[in-house]
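S.K.: In numbering that gives the first Met the number 0, the protein residues as written are 0 to 430.
All C-beta atoms in this analysis are idealised placements derived from N, C-alpha and C, irrespective of residue type, glycine included.
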Amino acid sequence: MLSITPVPSRPSGQKNVLKLTCEPLEVVRIGMIGLGVRAIRAINRFMYIDGIEIKGICDIVPSNIKQAQQILQTHHKPEAAEYAGAETWKSLCERPDIDLLYICTDWETHTPIAVYGMECGKHVALEVPSSTTVSECWQLVDTAEKMRRHCMMLENCCYDPFELTVLNMVQKGILGEIIHAEGAYIHDLRARILSNEYGKRKAGNWQTQYNAGHTGNPYPTHGLGPICQALNMHRGDKMNRLVSMSTQSIGMNLFAKEVYGENSSEAKLPHKLGDMNTTLICTEKEKTMMIQHNIASPRPYSRLYLLNGTKGYVQKYPVPQFAFYPDSDSALNREDMKLLLEKHKHPFLIRIGEKADEVCGGRANDFIMDYRLIHCLRNGLPLDQDVYDAAEWSCLVELTEMSILNGNIPVEIPDFTRGDWNKLSKLEFAG
Ligand SMILES: NC(=O)c1ccc[n+]([C@@H]2O[C@H](COP(=O)([O-])OP(=O)(O)OC[C@H]3O[C@@H](n4cnc5c(N)ncnc54)[C@H](O)[C@@H]3O)[C@@H](O)[C@H]2O)c1
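(1) Give me, in chain order, the residues of the same chain whose beta-carbon lies closer than 8 Å to that of residue 54; leave out the 5 immediate sequence neighbours on both sides.
(2) What are the residues that DSSP puts in a beta bridge with residue 67?
(3) Taking a contact to mean a Cβ-Cβ separation below 9 Å, would you say residue 387 touches residue 123 in this structure?
(4) Grouping DSSP H, G and I as helix and E and B as strand, with all else coil, what is residue 148?
(5) Can you find a heavy atom of ligand 1 that lies under 8 Å from the Cβ of residue 85?
(6) Between the Cα of residue 244 and those of 302, 426, 383 and 405, spot the shortest distance and give me the residue it belongs to.
(7) Got a sec? Which residues, its chain only, sit under 6 Å from residue 303 by beta carbon, not counting five neighbours each side?
(8) Give the straight-line distance between the Cα atoms of residue 63 and residue 34, rounded to the nearest whole angstrom.
(9) Alpha carbon to alpha carbon, how far is residue 365 from residue 335?
(10) Please state if the CB of residue 319 and the CB of residue 167 are separated by a distance shorter than 9 Å.
(11) Considering only residues of the same chain and omitting the five flanking positions on each side of residue 237, which have a CB-CB separation below 7 Å?
(12) Which same chain residues end up closer than 6 Å to residue 119 when comparing Cβ atoms and leaving out the 5 residues on each side of it in sequence?
(13) Among the residues of its own chain, which have a CB less than 6 Å from the CB of residue 371, if the five just before and after it don't count?
(14) Residues in its own chain within less than 8 Å of residue 507 by CB, not counting five upstream and five downstream?
(15) Counting C-beta neighbours from all protein chains within 10 Å, is the total for residue 0 16 or more, i.e. buried, or is it exposed?
(16) In whole angstroms, what is the alpha-carbon distance linking residue 187 and residue 409?
(17) I'd like the list of long-range same chain contacts for residue 72, defined as Cβ closer than 6 Å, with 5 residues on each side in sequence excluded.
(18) Helix, strand or coil: which one does DSSP assign to residue 320?
(19) Kindly indicate which three-state DSSP category residue 90 falls into: helix, strand or coil?
(20) Quick check: is any heavy atom of ligand 1 less than 8 Å from the C-beta of residue 37?
(21) Let me make sure I understand the geometry here. Which of 58, 21, 291 and 374 has the alpha-carbon closest to that of residue 47?
(22) Could you check which residue in 59, 52 and 172 has the C-alpha nearest to that of residue 77?
(23) Is the number of C-beta pairs between the region 151–158 and the region 18–25 that are closer than 8 Å three or more?
(24) Nearest-angstrom Cα distance between residue 58 and residue 353?
(25) Is residue 222 near ligand 1, in the sense that its beta carbon is under 8 Å from a heavy atom of that ligand?
(26) Identify every residue that forms a DSSP beta bridge with residue 240.
(27) Would you tell me roughly how many angstroms separate the C-alpha atoms of residue 8 and residue 235, rounded to the nearest one?
(28) Please name the residue in 86, 326, 189 and 258 whose C-alpha comes closest to that of residue 32.
(29) Determine the closest residue to residue 430 out of 213, 84 and 377, with distance taken between C-alpha atoms.
(30) Buried or exposed: where does residue 56 fall if 16 or more other Cβ atoms within 10 Å of its Cβ makes it buried?
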C-alpha cells in the first residue's frame, strides 16, 4: 500500500478542533473572494439571511465586482469595499472588520487564501474541493487547530432535502447499520465547458486546464460528503485506504471535434482525465464506499447517493427508491415513500425549508447551507462540517490520481484528526 507522507505531528499544546466553539457574533461581517458564478449566487442568498453584512468583495475581473456591488445596491445594503487584482485578497483578509471569508475562487487558490485568512484570525468557508493536494489538506487542518478558527468547506450536497431526510432516518436507525455506500458526480459538462457560447476552453478555463493535466477524481466531495456523514466519518470510524481506476480519456476531445472541427487545436488539446473514474474506499470498521466521477460522456445527472443498511436500502439516482427487510427485494411504492420522507423530514427542512424554496427555487440546499453557517456563527455553535471533513473529502483529489499512476495500487488515506477519530461517537448538528 502506498502512503503519501508521514502524518505531520501535532505541535505540543495544539488541540483538535472537533466541535469547535468560538465567540458568538451578533452580526457576521463577510469578505467575499472570487465573484464568479457561485459567489454571485451566494451574495443573492445572503440578501435573505439576517445578521450578515458584506463588507468586502474581491475579484480580478472588475465587471464581477460591479455585478456584486449591484446586488447590494438593489437590496439597499451598504456598499462593500472593493478589492481588484490577483493578490488583493490578502488586504481583504487583513481587514479588522471581517469575521468570515467566503472563498469561491478556482480550486488551486482555495487553500492558500483560506490559510492566510485563518492566520489573520478569520473564520473561512471555502468552495469545493477545499484543496487539490494532501499537503494542502494538512495546511488547513494545522492552521484551523493553531488559530482555533472555523474552516468549513461549502459542501452543499449535504443539505439537499433528500439527503438530509435520509440522514435523519439513518441517525434514527431506520436503515439499520450502514455497511456500504455509493456517491458520485456524474454530470456531462462538456457543452458548458467547451462550447463556443462559453468559449471557456479557448479562454483557458481553470477547470478544463486542471483536468487536462490530471487523472483520478478531481471533484469527489459532492458524492463523498453526504455518505461520509451517514457513515460518521471521524466520528467513530475513519477512511483507511482507497483503490482508484479510470477509463481512457475520449469524451472531451470527441466533443471538441464536433464543436471546433476535426483539425482544430482545441480538439487536439491534451486531456489526461479519464472519462469515468471509480474509486473504492475501505473504512476502519470494514464499511465500503464507491465514488465515481464522469463529466465527459452521455448519462443523466447522478450523484448516486446509495446506502445499504442491515435493515434497509436507499438510492436517490436514477430514481429515488427505498427497500426494507423483510420485503428486501421490492422497492417501496411511491405513495409510501412520500409518507416516509414526510414523516422523517429533517429538522432543518421543517425550520427553513419553505424559505429556502422561496429564495432559491430548486436550490434549497444552498440556502440551508448558508443559513446554517450564519446561524452557528451567530450563536457560537460548532459548524455542521469541520476542517477534518474538508480534508477527508478533498484529499481524494490527489490520492485517486496517485493510485492510478501507480497501477491502481491501494493508497492510505491519512487520519487528519491524528488519532482523535474515535473521540466522537456520531455526527450531531448543533442547535
Ligand atoms: N457546490 C456547488 O454546487 C458548486 C457548483 C459550481 C462550482 N462550485 C465550486 O465553486 C468554485 C467557483 O466556481 P465558479 O463556477 O463560481 O467559477 P468562476 O470561474 O465562475 O468563478 C471564480 C472566480 O474567482 C475569481 N478569481 C480567480 N482568481 C482570483 C484571485 N486571485 N483573487 C480574486 N478572485 C479570483 C475569478 O475571476 C472568477 O470570477 C469552484 O471551486 C467550483 O468547484 C461549486
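M.R.: If we stick to the structure as given:
(1) Taking C-beta separations shorter than 8 Å and ignoring five residues to either side along the sequence, the partners of residue 54 in its chain run 28, 29, 30, 79, 80, 94, 96 and 97, following chain order.
(2) For residue 67, which the question treats as bridged, DSSP gives no partner whatsoever.
(3) no
(4) Shown here, residue 148 sits in coil according to DSSP, grouped into three states, outside any helix or strand.
(5) yes
(6) 405
(7) 181, 182, 183 and 316
(8) 6 Å
(9) 28 Å
(10) no
(11) Once the five neighbours on either side are set aside, the close Cβ partners of residue 237 are 282, 283, 414 and 420.
(12) Result list for residue 119: 92 and 93, in chain order.
(13) 383
(14) Since the first and last residues shown for the chain are 0 and 430, residue 507 lies out of range.
(15) exposed
(16) 28 Å
(17) none
(18) In this structure, residue 320 counts as strand in the three-state DSSP scheme.
(19) helix
(20) A distance criterion of 8 Å places the beta-carbon of residue 37 in contact range of ligand 1, judged by its closest non-hydrogen atom.
(21) 374
(22) 52
(23) no
(24) So the alpha carbons of these two residues sit roughly 33 Å apart.
(25) no
(26) 281 and 411
(27) 21 Å
(28) Its Cα nearest to that of residue 32, the residue 86 stands out among 86, 326, 189 and 258.
(29) Here the closest residue by C-alpha is 377.
(30) buried
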